[in-house]
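Colleague: Next up is a structure, given as structure tokens.
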Amino acid sequence: MNEQALRAWLTAWLAAELDLAADTIDEDRPLADYGVGSRMLVQLSGALEDLLDRPLSPVVGYRAPTVASLVRHLTDAPAADAAPAADSAPDTATGAAGEPVAVIGIGCRFPGGGDTPAAFWRLLREGRDATGPVPPGRWAAAEAAGGEEVLARTPSRGGFLTEDPAAFDAEFFGISPREAAAVDPQQRLMLEVAWEALEHAGIPPRSLRGGAAGVFVGASASDYAMLQMNDIERVDAFSGTGSALSIIANRISYTLGLHGPSMVVDTACSSSLVAVHLAMQSLRSGECDLALAGGVNLLLSPAATVNFEDAGVMAADGRRKAFAAGDSSRVTPPASATWPSPAASTCCCPRRRPSASRTPGTAAG
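Under the numbering used here, the sequence shown has 928 at position 227, and the numbering climbs by one with no breaks.
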């Protein structure tokens, strides 16, 4: 079957299943935008198997998420999407335990305007204070619920992002407006910085589709899940995946089509460090050939700050003084985000020593 015939068949099949006019289906628009879910994608792969008379993976619709890309995928490489044999196993070369791992790209969002590696490095070199007063209206919901007295005795300074945590270009990442509203801002931020880290490394993000790149994320705050799932009238089909911490990594893997390990680890304050450690282990064992490793911590409720204040572990002046004799406590970032390596940013790490042209500098903290 040629491309034109297959395109016509796909358009007709989708129009019939979705009860839409065929001319309203844009071949370059993600199928998810039309409401095509996992069950329909499996049905589609089965129908294509019958049409083309060859085995296909049930996830073919995830690998090629538009009519145009699906047509190209099925006609350019007929055998590429054949279902794998049951006894097949990935061919991975085991790397040396001490093989060097290079950080080749970084993406970040930090308080004080550290929204790019260069901006973060300037902030560190200039010794600027990244903390600031609580933005107006940040805890409006808590105040409306009668928490003014509690908030009044918590630190009035902290690490806040300069941009609105709710700002997100959902269409760019192929997410429908309805689903985007249910997606934890931590998932949104990590999608953005993962993309930026790859661009910083000179790697076109879409070029990794189908490859063995892994995603390792450290995260422990789940404020959005608490706020969203407690509002029972707002819970819908997207609330579960939108609220789950595990989906922070999975959404990156799904969006970019990555087939390597995809996980979120929560070891409290060491989550990002452990995520990088696991990424390095995976690279050295040959489990993945490139890794996106990092972390995110967005506090959307004052609850954690109140908890730490009552426990006596908050810095009264809002400034952390790690290892100093006068260190009074810690600073909780009510809206800071994205960590990757021990330095803090999202990093992209290849298994083999890269050439000089693929080794951008890294930020050190």
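Just so you know, even glycine gets a beta-carbon here, dropped at the ideal spot from N, CA and C. Here the structure is a predicted model, which means the values were calculated and not measured.
1. Between which two residues does the beta strand (DSSP E) harbouring Val965 extend?
2. Quick check: Gly994 and Pro856, are their CB atoms within less than 8 Å of each other?
3. Here's a check: name, in chain order, each residue in its chain whose Cβ is nearer than 8 Å to the Cβ of Glu1010, leaving out the five neighbours to either side.
4. Can you find a heavy atom of the ligand PLP that lies under 7 Å from the Cβ of His901?
5. So, for Asp792: in the same chain, excluding its five sequence neighbours on each side, which residues have a beta-carbon less than 8 Å away from its beta-carbon?
6. For the beta strand (DSSP E) that contains Ile949, what are its first and last residues?
7. Which of the three DSSP states is assigned to Phe869 in this structure?
8. According to DSSP, what are the bridge partners of Met981?
9. Which runs of the beta strand (DSSP E) at least 3 residues long sit entirely within the region 897-943? Give them in chain order.
10. Taking Phe861 as the reference, give the member of Pro1003, Leu711, Trp714, Asp734 with the closest Cα.
11. Taking Asn998 as the reference, which of Ala969, Asp830, Asp720, Met981 has the closest Cα?
12. Compare the Cα-Cα distances from Asp990 to each of Ala716, Ala1005, Asp751, Leu909 and report the closest residue.
13. Pro801: buried (16+ other C-beta within 10 angstroms of its C-beta) or exposed?
14. Compute the distance between the beta-carbons of Val768 and Ser746, then report whether it is under 8 Å.
15. According to DSSP, is Thr832 part of a helix, a strand, or is it coil?
16. Between Pro812 and Pro766, is the Cβ-Cβ spacing less than 8 Å?
17. Mind the definition here: the region 976-983 touches the region 900-907 only if three or more C-beta pairs lie below 8 Å; say whether that holds.
18. Tell me whether Thr725 is buried or exposed, calling it buried when 16 or more other Cβ atoms sit within 10 Å of its Cβ.
19. Are the CB atoms of Val743 and Pro759 nearer to each other than 8 Å?
20. Thinking C-alpha only, which one of Arg829, Gly833, Ala803 is nearest Val977?
21. Among the candidates Gly911, Arg889, Asp932, Val894, whose CA atom is the shortest distance from the CA of Ile948?
22. Can you tell me where the alpha helix (DSSP H) holding Arg826 begins and where it ends?
23. Ala867 and Gln929 - do their beta-carbons sit closer together than 8 Å?
24. How long is the line joining the alpha carbons of Glu880 and Ser944, rounded to whole angstroms?
25. Name the one or two DSSP bridge partners that Phe1009 has.
26. Please state the DSSP three-state secondary structure of Gly747.
27. Which value, in whole angstroms, describes the spacing of the CA atoms of Leu757 and Gly958?
28. Pull up the CB-CB distance for Arg858 and Gly833, whole angstroms please, since I reckon it's below 8 Å.
29. Taking 8 Å as the threshold (beta carbon to beta carbon), is Asp830 in contact with chain B?
30. Could you spell out the range, first to last residue, of the beta strand (DSSP E) harbouring Gly859?
31. Taking all protein chains shown into account, do 16 or more other C-beta atoms lie within 10 angstroms of the C-beta of Gln705, making it buried, or fewer, making it exposed?
32. If I measure Cβ to Cβ from Arg708 and keep anything under 6 Å in the same chain, skipping five residues before and after, which residues do I get?
33. Quickly, what does DSSP pair Phe811 with across the bridge? List them, please.
34. What is the residue span of the alpha helix (DSSP H) that Val772 lies within?
35. When burial is assigned at 16 or more other CB atoms within 10 Å of the CB, is Glu893 buried or exposed?
Modeller: Reading off the structure:
1. Looking at the DSSP string, the run of the beta strand (DSSP E) that includes Val965 is 963-966.
2. Residue identity differs from the one stated: residue 994 is Ala in this sequence, not Gly. Taking 8 Å as the Cβ cut-off, Ala994 and Pro856 do not qualify as a contacting pair.
3. These residues qualify, in order along the chain: Arg854, Thr855, Pro856.
4. The ligand PLP is absent from the structure shown, which contains no ligands of any kind.
5. In this prediction, Asp792 has a pLDDT of 46, which is less than 50 and means its spatial position is unreliable; what the coordinates show is noted afterwards. Setting aside the 5 residues that flank it on each side, Asp792 has no residue in the same chain whose C-beta is closer than 8 Å to its C-beta.
6. The continuous stretches of beta strand (DSSP E) do not include Ile949, which lies in the alpha helix (DSSP H) extending over residues 948-957.
7. The answer is coil: DSSP assigns Phe869 none of H, G, I, E or B.
8. DSSP, once it has assigned bridges, lists no residue as partnering Met981.
9. Listed in chain order, the complete beta strand (DSSP E) runs (minimum 3 residues) inside the region 897-943 are 914-919.
10. Nearest C-alpha to Phe861: Pro1003.
11. Of the candidates Ala969, Asp830, Asp720, Met981, the one whose C-alpha sits nearest the C-alpha of Asn998 is Ala969.
12. Checked all of Ala716, Ala1005, Asp751, Leu909; the closest Cα to Asp990 is Leu909.
13. Result: exposed.
14. Against a cut-off of 8 Å, the Cβ pair of Ser746 and Val768 comes out as no contact.
15. Strand, per DSSP.
16. No, the Cβ-Cβ distance between Pro812 and Pro766 is not below 8 Å.
17. Short answer: they don't touch.
18. By the C-beta density criterion, Thr725 is exposed, having fewer than 16 other C-beta atoms within 10 angstroms.
19. For Val743 and Pro759, yes; Cβs fall inside 8 Å.
20. Selected option, being the one with the closest Cα: Ala803.
21. Per the Cα distances, Arg889.
22. Under the DSSP assignment, Arg826 falls in the alpha helix (DSSP H) whose first and last residues are 818-826.
23. No, Cβ-Cβ distance for Gln929 and Ala867 is not below 8 Å.
24. Distance between the alpha carbons of Glu880 and Ser944: 11 Å.
25. Note: Phe1009 is not bridge-paired with any residue in the DSSP secondary-structure output.
26. The three-state reading of DSSP puts Gly747 in helix, counting H, G and I together.
27. Straight-line Cα distance between these residues: approximately 17 Å.
28. The beta-carbon separation of Arg858 and Gly833, rounded to 6 Å, stays under the 8 Å limit for a contact.
29. Within the model displayed, chain B is absent; a lone protein chain is all it includes.
30. Element bounds for Gly859: 858-860.
31. Under this definition Gln705 is an exposed residue.
32. Cβ neighbours of Arg708 beyond the five flanking positions: Val772.
33. For Phe811, which the question treats as bridged, DSSP gives the partners Gly815.
34. Here the alpha helix (DSSP H) through Val772 covers 768-777.
35. Burial is judged here by how many other beta carbons sit within 10 angstroms of a residue's own beta carbon; Glu893 has at least 16 and is buried.
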